[in-house]
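Asker: One structure follows; several queries about it will come next.
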DNA sequence: ATAAATTGCTACTATATTAGAAGCATTACA
DNA sequence: TGTAATGCTTCTAATATAGTAGCAATTTAT
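Protein chains in written order, with my numbering: chain Z, 154 to 265; chain A, 154 to 265.
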């Protein structure tokens with residue numbers, strides 16, 4: 154009973170520890186789960202199968218990966234296609250807002 | 154011995170589980186730690202003391218909050234000011250790239 | 001000056017999440 | 001009809017986070 158359902162907080166509901174239920178906190182709660190952003194990033198390039206995603210995310214545990222995929226599907230950010238998982242329209246919208254982090258990271262990471 | 158140093162991966166170094174060491178993965182590894190994004194978000198409005206941040210982040214555990222603050226300081230995203238913690242120039246740059254998520258979250262969250 | 005608050009933590013235990021290895025059922029291919 | 005991928009599920013160990021208590025140092029009030 155270790156990695157059971159941890160539903161994504163709804164609007165107005167307290168995020169684990171965040172009583173506000175502010176939208177941004179709901180989103181942060183989701184995105185800060187392991188591999189969540191990596192999955193979105195990986196799928197932005199092309200559709201990927203479970204095992205491809207696993208490799209892309211550095212051998213992520215299948216258990217965690219699967220949990221994350223279920224969550225992302227349950228909130229409509231990704232879905233299954235014939236050739237693996239794919240971003241939904243909403244998922245791509247989110248990715249578009251995440252994308253600027255890529256350029257920034259390339260400048261920043263070498264400095265640390 | 155539970156919440157010891159978990160250094161932020163350097164460029165080229167494998168992120169826990171991510172052999173690539175791609176900049177974006179290094180950043181994701183940092184940002185996906187509990188409260189990391191919430192802290193940046195909270196400090197973007199104004200400087201906040203330890204206890205103010207704790208309240209802002211929904212009564213985050215002092216132990217975790219402190220760990221996170223150390224990490225964010227060690228990579229130069231935040232620093233101490235006379236009236237609490239503050240974003241560095243670099244930290245604000247990162248925040249600026251995070252900010253679009255706020256608007257998006259306000260549209261998205263009500264739909265889930 | 002002294003007492004009472006407040007602040008910024010540290011320490012410790014309990015719980016939750018993630019890692020990692022193994023393996024199984026199903027589909028795809030040869 | 002094998003043989004090999006694929007998409008998981010299950011289990012245990014390791015790690016991270018939550019939560020409570022409390023203490024030393026600084027600030028505020030008397």
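A virtual CB, placed ideally from N, CA and C, is assigned to each residue, including glycine.
With distances taken from CA atoms, which of Z/187, Z/177 and Z/175 is nearest residue 179 of chain A?
Answerer: The residue labelled residue 179 of chain A in the question sits at position 26 within the second chain. Answer by Cα proximity: Z/187.
Asker: Would the beta-carbon of residue 190 of chain Z fall within 8 Å of that of residue 251 of chain Z?
Answerer: As a working mapping, residue 190 of chain Z is identified with position 37 in the first chain. As a working mapping, residue 251 of chain Z is identified with position 98 in the first chain. Yes; because the gap between Cβ atoms is below 8 Å, this pair is in contact.
Asker: Looking at residue 281 of chain Z: is its Cβ nearer than 8 Å to the Cβ of residue 196 of chain A?
Answerer: Outside the shown range of chain Z, which is 154 to 265, sits residue 281 of chain Z, and nothing can be said about it.
Asker: Count the CB pairs spanning the stretch 220-229 of chain A and the stretch 210-229 of chain Z that are closer than 8 Å, and state whether there are at least three.
Answerer: The stretch 220-229 of chain A, when compared against the stretch 210-229 of chain Z, does not touch it at the 8 Å Cβ threshold.
Asker: So what does DSSP say about residue 223 of chain Z, is it helix, strand or coil?
Answerer: By 1-based counting over the first chain, the position of residue 223 of chain Z is 70. Residue 223 of chain Z falls in the helix class under three-state DSSP.
Asker: Anyone know if the C-beta pair for residue 193 of chain A and residue 161 of chain A falls short of 8 Å?
Answerer: Here residue 193 of chain A refers to the residue found at position 40 when the second chain is read from its first residue. Here residue 161 of chain A refers to the residue found at position 8 when the second chain is read from its first residue. The answer is no: Cβ separation not under 8 Å.
Asker: Check whether chain A comes within 8 Å of residue 258 of chain Z, counting only Cβ atoms and requiring the distance to be less than that.
Answerer: If you number the first chain from 1, residue 258 of chain Z lands on position 105. With 8 Å as the cut-off, residue 258 of chain Z counts as an interface residue toward chain A.
Asker: Please name the residue in A/159, A/176, A/210 and A/181 whose C-alpha comes closest to that of residue 175 of chain Z.
Answerer: For this step, residue 175 of chain Z is matched to residue 22 along the first chain. Closest option to residue 175 of chain Z, Cα to Cα, is A/210.
Asker: With 8 Å as the limit, tell me which residues of the stretch 237-261 of chain Z have their beta carbon closer than that to any beta carbon of chain A; keep them in chain order.
Answerer: Under the 8 Å Cβ criterion, the stretch 237-261 of chain Z contributes 243, 246, 247, 250, 251, 253, 254, 255, 257, 258, 259 and 261.
Asker: Return no unless some Cβ of chain A is closer than 8 Å to the Cβ of residue 190 of chain Z.
Answerer: To locate residue 190 of chain Z, count along the first chain from 1; it is residue 37. Closer than 8 Å to some Cβ of chain A, the Cβ of residue 190 of chain Z qualifies, so yes.
Asker: Measuring CA to CA, which of Z/254, Z/243 and Z/200 is closest to residue 264 of chain A?
Answerer: Looking up residue 264 of chain A in the second chain gives position 111. Residue Z/243 is the option with its Cα nearest to residue 264 of chain A.
Asker: Run through DSSP, which three-state label would residue 265 of chain A get?
Answerer: Your numbering for residue 265 of chain A matches position 112 in the second chain. Here residue 265 of chain A sits in coil by DSSP.
Asker: Per DSSP, what kind of secondary structure is residue 252 of chain Z in: helix, strand or coil?
Answerer: Position 99 of the first chain, counting from 1, holds the residue named residue 252 of chain Z. Residue state, collapsed to three classes: coil.
Asker: Determine the direct distance from the alpha carbon of residue 259 of chain Z to that of residue 240 of chain Z, and round the result to whole angstroms.
Answerer: As a first step, residue 240 of chain Z must be located in the first chain, where it is residue number 87. As a first step, residue 259 of chain Z must be located in the first chain, where it is residue number 106. Cα to Cα, the separation comes out at about 24 Å.
Asker: Can you tell which of A/261, A/200 and A/262 has the C-alpha that lies nearest to the C-alpha of residue 245 of chain A?
Answerer: By one-based count along the second chain, residue 245 of chain A stands at place 92. When only C-alpha atoms are compared, the closest one is A/200.
Asker: Just the chain Z side, please: which residues come within less than 7 Å of residue 187 of chain A by C-beta, in chain order?
Answerer: In the second chain, the residue the question calls residue 187 of chain A occupies position 34. Chain Z residues near residue 187 of chain A: 185.
Asker: Looking at the strands, I want to know which residues DSSP matches up with residue 229 of chain A.
Answerer: Numbered from its first residue, the second chain carries residue 229 of chain A at position 76. Bridge partners of residue 229 of chain A: none, in fact.
Asker: Please work out which residues of its chain come closer than 7 Å, Cβ to Cβ, to residue 237 of chain A, disregarding the five sequence neighbours upstream and downstream, and give them in chain order.
Answerer: Here residue 237 of chain A refers to the residue found at position 84 of the second chain. Result list for residue 237 of chain A: 200, 201, 202 and 205, in chain order.
Asker: Taking 7 Å as the limit between beta carbons, can you name the residues of its chain near residue 154 of chain A, skipping five residues before and five after?
Answerer: Reading the second chain from its first residue, position 1 is the one you call residue 154 of chain A. Reliability fails at residue 154 of chain A, whose pLDDT of 40 lies under 50, so the model's placement of it is uncertain and the value that follows must be treated cautiously. Answer for residue 154 of chain A: no residue qualifies.
Asker: Taking residue 211 of chain A as part of the alpha helix (DSSP H), name the residues at either end of that continuous run.
Answerer: Translated into positions along the second chain, residue 211 of chain A becomes position 58. No alpha helix (DSSP H) contains residue 211 of chain A, which DSSP labels as neither H nor E.
Asker: In terms of residue numbering, what span does the beta strand (DSSP E) encompassing residue 239 of chain Z cover?
Answerer: Translated into positions along the first chain, residue 239 of chain Z becomes position 86. Per DSSP, residue 239 of chain Z belongs to the beta strand (DSSP E) from 237-240.
Asker: Check each residue of the stretch 202-223 of chain A: if its Cβ is closer than 8 Å to any Cβ of chain Z, include it; give the result in chain order.
Answerer: For the stretch 202-223 of chain A, which is checked against every Cβ of chain Z, the residues closer than 8 Å are 210, 211, 212 and 213.
Asker: Tell me whether residue 234 of chain Z is buried or exposed, calling it buried when 16 or more other Cβ atoms sit within 10 Å of its Cβ.
Answerer: Within the first chain, residue 234 of chain Z is the residue found at index 81, counting from 1. Exposed: under 16 other Cβ atoms inside 10 Å.
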